[in-house]
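Everything on this sheet refers to the single structure shown next.
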């Protein structure tokens with residue numbers, strides 16, 4: 078049985094087990110789902126069954142295997158060597174396979190990196206900026222700083238020419254220092270950057286003090302957009318700006334957060350349990366187990382289809398009339414926690430998305446027009462840089478150029494790009 082539309086699965090070969098204890102991690106406590114299971118190791122027999130079912134269910138001809146956690150390197154390199162062997166064993170003729178691997182980097186060494194390079198793994202490595210910002214929340218189990226160990230891993234990835242993305246969790250602390258964060262990533266040679274907003278909810282519907290506010294997230298991204306558009310356009314990939322550009326160019330969003338619907342990126346736990354999404358690993362969102370029900374059957378369940386369609390169908394009216402809906406589509410379901418008049422839930426980051434997408438839209442539209450004309454990125458950068466510099470030549474009591482409606486001194490003066 079084939080699933081009609083492409084999908085991708087994130088497998089957790091060590092479940093929620095990790096060698097760090099980051100303050101904001103939302104997955105460590107998932108061990109509570111399996112109170113009678115002390116071992117969270119995915120067995121090789123299950124790996125083989127998963128690989129066989131995944132390739133049998135997928136419409137092809139390209140399939141991406143995702144590995145996450147917890148910390149997937151804890152499962153050991155031999156496990157992933159076997160994973161690659163099994164992918165080749167069950168891969169239909171003419172198909173291609175890729176692997177994406179998210180890690181904190183602590184256990185990476187030369188042997189690991191040589192393997193990742195040989196098999197063209199795309200590595201997502203978590204780092205939240207320079208040491209003082211990264212180490213604020215990302216500590217090991219002994220409460221010790223981890224930045225220097227992550228940097229060693231990045232240097233190894235660079236040494237072996239492994240393709241990697243920087244994954245930066247934007248929180249209440251580093252969101253106040255956008256240019257320190259972005260400048261650091263440029264200093265270390267990062268070319269692919271993802272900014273992931275941290276929204277940590279409480280049972281009462283509130284959020285933790287660690288969480289980034291919507292407005293702070295928007296200001297953070299605007300400051301970085303200015304630096305990126307003026308200096309790094311064409312050389313550095315910042316996911317959220319590229320996604321906005323895709324949509325403005327008439328293409329569908331490539332990430333579920335900004336897609337109209339979702340439900341095509343389920344999670345496979347260490348024991349074969351399949352869940353709707355990595356942010357919904359909860360009993361009520363469990364679809365079954367691959368040892369009892371096939372992947373194809375579970376992905377075709379009305380329950381999972383309904384989950385994916387709810388992203389569109391449960392949008393509040395205020396979103397349906399919004400001028401940036403085309404770009405954000407209400408954001409991730411997990412962050413829809415703000416009650417609205419029609420009884421639905423608004424995304425907690427809504428004001429931030431509105432701020433940044435309204436701000437970048439005219440610039441991205443101009444950039445796209447120039448790219449279609451064949452204008453080199455270096456020329457576009459210079460033109461956009463001059464335009465931005467003029468726009469941000471304001472006094473403290475002038476309206477803030479970000480579009481918030483506040484005075485500059487009350488808004489972006491503390492995080493704005495310092496134009497040379």
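Residue numbers (this note's numbering): 78 to 497. Where a beta carbon is used, it is the ideal one built from N, C-alpha and C, also for glycine.
- Classified as buried, residue 200 has 16 or more neighbouring CB atoms from the shown chains inside 10 Å of its CB.
- Residue pairing of residue 174 in beta bridges, as defined by DSSP: 140.
- Looking only at 87, 258 and 330, the smallest Cα-Cα distance to residue 208 is reached by 258.
- Cβ atoms of residue 245 and residue 268 stay farther apart than 8 angstroms, at about 14 angstroms.
- Boundaries cannot be given for residue 334, as no beta strand (DSSP E) includes it and DSSP labels it neither H nor E.
- Residue 279 is positioned such that its CB atom lies no closer than 9 angstroms to that of residue 248.
- Residue 203 counts as buried, since at least 16 other C-beta atoms from the protein chains shown sit within 10 angstroms of its C-beta.
- Take residue 138, set aside five residues on each side of it, and the residues of its chain with a beta-carbon closer than 7 angstroms to its own are 171, 172 and 173, in chain order.
- Look at residue 79 here: in three-state DSSP terms it is coil, with no helix or strand label.
- Looking at the DSSP output, residue 228 sits in no beta bridge, so it has no partner there.
- If you look at residue 450, you'll find it isn't in any alpha helix (DSSP H); DSSP assigns it neither H nor E.
- By the C-beta criterion, the segment 386 to 401 is judged not to be in contact with the segment 350 to 367, since fewer than 3 inter-stretch pairs fall below 8 angstroms.
- Per DSSP, the beta-bridge partners of residue 87 are 143 and 344.
- In terms of Cα proximity to residue 284, the closest of 299, 103 and 205 is 103.
- Contact check for residue 417 and residue 297: beta-carbon distance about 25 angstroms, past the 8 angstroms limit, so the pair fails to qualify.
- A straight line joining the alpha-carbon of residue 342 with that of residue 472 spans about 47 angstroms.
- Here the C-alpha atom of residue 464 lies approximately 11 angstroms from the C-alpha atom of residue 306.
- Rounded to whole angstroms, the gap between the alpha carbons of residue 273 and residue 123 is 31 angstroms.
- Spatial neighbours of residue 315 in its own chain (CB-CB distance under 6 angstroms, excluding positions within 5 residues in sequence) are listed in chain order as 270 and 305.
- As the crow flies, the alpha-carbon of residue 319 is around 30 angstroms from that of residue 486.
- Distances from the alpha-carbon of residue 312 to those of 130, 479 and 453 put 453 closest.
- Assignment of beta-bridge partners to residue 463 by DSSP yields no partner.
- Per DSSP, residue 257 lies in no beta strand (DSSP E) segment; the continuous alpha helix (DSSP H) that holds it begins and ends at 255 to 264.
- In the assembly as shown, residue 456 is an exposed residue. Its beta-carbon has fewer than 16 other beta-carbons within 10 Å.
- Residue pairing from DSSP places residue 222 in a beta bridge opposite 216.
- A straight-line Cα-Cα distance of about 27 angstroms links residue 299 and residue 231.
- Around the CB of residue 444, 16 or more other CB atoms lie within 10 Å, so the residue is classed as buried.
- The criterion of a C-beta distance shorter than 9 angstroms is not satisfied by residue 94 and residue 82.
- In the DSSP assignment, residue 244 falls within the beta strand (DSSP E) that extends over 241 to 247.
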